[in-house]
Amino acid sequence: VLNTLAAVAVGMELELPFNVVAEGLNEFGGVQRRFQVKYDRNDIMVVDDYGHHPVEIKATLSAACSGWEKRVVAVFQPHRYSRT
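Using our numbering, the first residue of the sequence shown is number -4, and each one after it goes up by one.
What follows is the structure, given as structure tokens:
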């Protein structure tokens, strides 16, 4: 949400028509491995996220818990012990 608001603010600062900014946001496909839904069927959702820092991991888990009514199970693969 914050990145979207920042994009809108930049568009306003550049005096772009709002519909141009909205169209650009609508066409944005996201970033690979950032809360990327890999599977979503039968009340099971599998999400891939490359959060590799405790702050990013916390944000990902917080988003999952607030946006999903069912139980959330996280599988974490540390790449460096110093970051966990």
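Just so it is clear, CB atoms sit at the ideal spot from N, CA and C, and this is done for glycine as well.
| Item | Value |
| --- | --- |
| Candidates Glu10, Lys33, Leu20 and Met40, of which the one nearest Leu(-3) by Cα | Leu20 |
| Cβ-based burial, Val42 [other Cβ within 10 Å; buried from 16] | buried |
| Pairwise C-alpha distance: Met7 and Ala1 | 10 Å |
| 8 Å contact criterion, which Glu38 and Lys65 should meet: CB distance rounded | The amino acid at residue 38 is misidentified as Glu; the sequence shows Asp. That pair is a contact at about 6 Å. |
| Reduced DSSP secondary structure (H/G/I, E/B, other) of Val(-4) | coil |
| Cut-off 8 Å between Cβ atoms - residues of its own chain near Gln72, not counting five sequence neighbours on either side | none |
| Sub-7 Å separation of Ser3 and Val16 beta-carbons | Residue identity check: residue 3 is Val in the sequence provided, not Ser. It is a contact, given that the beta carbons lie within the stated cut-off. |
| In DSSP terms, what Val41 is bridged to | Tyr34 |
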